[in-house]
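Engineer:
Chains as they are written, first to last, in my numbering: chain Z, 1 to 264; chain A, 1 to 331.
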């Protein structure tokens with residue numbers, strides 16, 4: 001075990017130990033036969049030495065996969081026109097990707113193509129940005145699509161636009177989505193077409209949106225209509241850190257913002 | 001760094017609880033942030049142990065591998081092998097706030113949790129600002145509850161409200177004296193009453209030591225309440241009852257604690273300041289004040305020497321029942 005540890009700087013054994021059968025699996029492996037070949041294969045794909053640590057912490061079971069299967073899966077992805085750098089990035093962000101069989105990957109890609117009705121290139125970009133769409137369960141994605149269409153009332157092309165900008169919306173929590181949308185649409189009175197232009201609001205914590213909106217209303221600067229002067233766009237409202245928000249948007253000091261927060 | 005950081009992490013500090021957050025979530029968030037800060041520090045240098053490894057012997061002409069003693073770092077304490085150094089911290093909460101209320105929430109870490117019980121036994125008053133809305137009545141006295149009744153409120157004036165508040169304060173004053181179990185016939189008790197220091201030192205229902213109206217713009221009004229042994233729901237019920245006394249109805253739209261004992265809004269840490277360094281600084285800053293205030297409130301008041309009665313225990317710490325002076329009141 002010792003040469004293993006010295007080579008793989010960065011593998012978090014404490015996390016692996018928490019899984020029940022991990023220790024048995026890892027001890028049974030032989031360094032020369034199994035581990036070395038798979039490590040070389042991963043390095044070929046483009047994963048650097050220092051990134052191997054985090055990869056193996058998540059997916060230590062890759063050592064029990066057959067090298068031939070791994071090569072077939074990579075060949076399949078390349079046949080779908082994923083570039084070499086793209087595949088490396090996907091494997092880095094979703095370590096379990098290569099443990100899925102070819103038909104499962106095929107099903108997943110087909111599902112996203114049909115459900116979202118995006119062009120092939122856009123689906124590819126989406127999957128490269130958020131590869132855990134392929135490894136995670138599909139039920140939350142289906143639920144979220146229904147929520148967007150039926151409950152929140154977005155049209156299909158609006159949903160497509162939002163998802164290409166922020167792919168994380170597909171896997172977001174349903175309750176948080178509805179709460180955020182309820183506040184943004186009903187309390188801040190922002191219509192659908194402006195929310196579509198700035199889907200980042202769904203990615204931020206609700207309390208942040210509430211605090212900043214209440215501060216702007218207190219200062220009288222809560223203007224979200226692009227036609228009127230002193231318009232404040234939603235992305236500037238949510239995506240900026242506190243200091244820049246106070247200085248540029250609210251035109252107040254951070255101390256005033258803190259004092260206001262203590263009056264809520 | 002971790003253990004040095006932990007050494008400075010014993011004591012009381014105040015956090016500002018925003019509305020909508022449960023106090024338990026706040027306590028858990030603070031604990032997670034503290035653990036993150038403690039584990040982020042550099043781990044101590046690993047111990048070395050001597051192992052005999054095969055290696056080429058220098059200075060010899062034969063090219064043989066011989067065992068040499070080398071000092072090798074052990075990996076048993078490495079965080080990647082046995083997990084992060086700190087996995088849990090004991091954080092206690094003082095007087096709780098319910099989910100819709102906001103304001104100062106006192107938290108105690110490590111040895112500071114013992115001071116939390118001392119603070120509870122000191123029975124200090126707390127300050128609240130309560131915002132009310134005339135004209136509505138709901139089932140849970142909050143603005144978003146189920147609507148029960150709607151009334152007009154044109155007849156309500158500032159004078160009527162002030163009169164009602166003075167009535168309330170007067171009746172609670174009588175209750176204060178009654179629950180503090182003091183015999184007002186003695187000189188010491190009279191002097192304490194004059195200075196306004198009477199308060200019950202054991203369990204009692206909610207008692208209001210002071211209430212006044214800060215702002216009145218119908219339908220909204222803003223009250224400042226000093227009370228003890230309260231719950232936020234009782235404060236909302238108070239707003240409802242004030243509405244009834246004014247022959248209209250009222251609901252409470254905001255309950256905010258501005259002072260808990262000797263922790264004020266200025267000491268309270270906002271959400272952005274819930275990290276290791278700010279909390280350590282806050283604990284250090286509050287420590288001397290906490291020590292003096294707790295010592296003062298648990299000591300016998302007015303500095304008079306207490307004459308021990310035949311069955312009076314000799315300890316100087318404040319007993320759990322009424323103020324020490326009651327023993328003098330017995331004669």
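Glycine included, every Cβ here is placed at the ideal spot set by N, Cα and C.
From A:127, A:261, A:256, pick the residue whose C-alpha is nearest to that of residue 211 of chain A; which is it?
Structural biologist: Out of A:127, A:261, A:256, A:127 has the C-alpha closest to the C-alpha of residue 211 of chain A.
Engineer: Please list, in chain order, all residues of the same chain as residue 159 of chain Z whose beta carbon is under 6 Å from its beta carbon, the five residues on each side excluded.
Structural biologist: Hits under 6 Å: 148.
Engineer: Within 9 Å of any Cβ in chain Z, is that where the Cβ of residue 102 of chain A sits?
Structural biologist: Chain Z, which has a Cβ nearer than 9 Å to the Cβ of residue 102 of chain A, makes this yes.
Engineer: Could you tell me if residue 120 of chain Z is buried or exposed, where buried requires 16 or more neighbouring beta carbons within 10 angstroms of its beta carbon?
Structural biologist: Per the 10 Å Cβ criterion, exposed.
Engineer: In or out: residue 230 of chain A buried (at least 16 other Cβ within 10 Å) or exposed?
Structural biologist: It counts as buried.
Engineer: Residue 209 of chain Z and residue 231 of chain Z - do their beta-carbons sit closer together than 9 Å?
Structural biologist: Result no, Cβ atoms of residue 231 of chain Z and residue 209 of chain Z do not sit closer than 9 Å.
Engineer: Can you find a C-beta in chain Z that's less than 9 Å from the C-beta of residue 271 of chain A?
Structural biologist: Taking Cβ atoms only, chain Z reaches closer than 9 Å to residue 271 of chain A, which makes this a yes.
Engineer: Closest Cβ-Cβ distance between residue 110 of chain A and chain Z: below 9 Å?
Structural biologist: Chain Z contact via Cβ: absent.
Engineer: By how many angstroms is the C-alpha of residue 44 of chain Z removed from the C-alpha of residue 137 of chain Z?
Structural biologist: Each residue's alpha carbon lies about 29 Å from the other.
Engineer: So with Cβ pairs under 9 Å, would you call residue 217 of chain Z a contact of chain A?
Structural biologist: Judged by the 9 Å Cβ criterion, residue 217 of chain Z is not in contact with chain A.
Engineer: Just verifying my parser: in three-state terms, what is the DSSP assignment at residue 236 of chain A?
Structural biologist: Here residue 236 of chain A sits in helix by DSSP.
Engineer: At 3 residues or longer, and completely inside the region 43 to 131 of chain A: list those beta strand (DSSP E) runs for me, N to C.
Structural biologist: Fully enclosed beta strand (DSSP E) runs of 3 or longer: 48 to 56, 65 to 73, 91 to 93, 102 to 109.
Engineer: Let me see if you follow: with CB-CB separation under 9 Å, is residue 207 of chain Z close to chain D or not?
Structural biologist: Considering every chain present, this structure includes no chain D. Its protein chains are Z and A.
Engineer: Are the beta-carbon atoms belonging to residue 16 of chain Z and residue 46 of chain Z less than 9 Å from one another?
Structural biologist: Against a cut-off of 9 Å, the Cβ pair of residue 46 of chain Z and residue 16 of chain Z comes out as no contact.
Engineer: Would you say residue 83 of chain A lies against chain Z (beta-carbon separation less than 9 Å)?
Structural biologist: Residue 83 of chain A counts as touching chain Z.
Engineer: For residue 310 of chain A, count neighbouring Cβ atoms within 10 angstroms of its own Cβ and tell me buried if that reaches 16, exposed if not.
Structural biologist: The predicted position of residue 310 of chain A is uncertain, since its pLDDT is 40 and thus under 50; a value taken from the coordinates is nonetheless stated next. Exposed is the call here.
Engineer: Rounding to the nearest angstrom, what Cα-Cα distance links residue 127 of chain Z and residue 196 of chain Z in this structure?
Structural biologist: Taking the straight line joining both Cα atoms gives about 21 Å.
Engineer: How many angstroms separate the CA atom of residue 307 of chain A from the CA atom of residue 37 of chain A?
Structural biologist: Note that residue 307 of chain A has pLDDT 32, beneath the 50 cutoff, so the model's placement of it is unreliable and no number is given.
Engineer: Scan the region 212 to 228 of chain A for residues whose Cβ lies nearer than 8 Å to a Cβ of chain Z and list them as they occur along the chain.
Structural biologist: Listed in sequence order: no entries.
Engineer: For residue 232 of chain A versus residue 208 of chain A, is the C-beta spacing smaller than 9 Å?
Structural biologist: Contact: no.
Engineer: Using a cut-off of 9 Å between C-beta atoms, extract the partners of residue 214 of chain Z located in chain A.
Structural biologist: Residues of chain A passing the Cβ test: none, with the nearest at roughly 11 Å.
Engineer: Alpha carbon to alpha carbon, what distance is there between residue 76 of chain A and residue 70 of chain A?
Structural biologist: Taking the straight line from one Cα to the other gives about 18 Å.
Engineer: For a minimum of 4 consecutive residues, which ranges assigned as the alpha helix (DSSP H) are wholly contained in the region 163 to 201 of chain A?
Structural biologist: Runs found: 187 to 195.
Engineer: Comparing C-alpha positions only, which one of A:261, A:39, A:43, A:52 sits nearest to residue 289 of chain A?
Structural biologist: Per the Cα distances, A:261.
Engineer: Could you tell me whether the Cβ atoms of residue 257 of chain A and residue 131 of chain A are closer together than 9 Å?
Structural biologist: No; because the gap between Cβ atoms is not below 9 Å, this pair is not in contact.
Engineer: Apart from the five residues on each side of it in sequence, which residues of its chain come closer than 6 Å, Cβ to Cβ, to residue 234 of chain A?
Structural biologist: Here the set comprises 206.
Engineer: Measuring CA to CA, which of A:295, A:266, A:283 is closest to residue 9 of chain A?
Structural biologist: Selected option, being the one with the closest Cα: A:283.
Engineer: Apply the 10 Å Cβ neighbour rule to residue 164 of chain A and answer buried if 16 or more other Cβ atoms are within range, or exposed otherwise.
Structural biologist: So residue 164 of chain A counts as buried.
Engineer: List the whole-angstrom C-beta distance separating residue 140 of chain Z from residue 90 of chain Z, where the pair is believed to meet the contact cut-off of C-beta under 8 Å.
Structural biologist: Not quite, the Cβ-Cβ distance comes to about 20 Å (not below 8 Å), so this is no contact.
Engineer: Report the rounded CA-to-CA distance for residue 150 of chain Z versus residue 29 of chain A, giving the unit in angstroms.
Structural biologist: When rounded, the distance between both Cα atoms is 35 Å.
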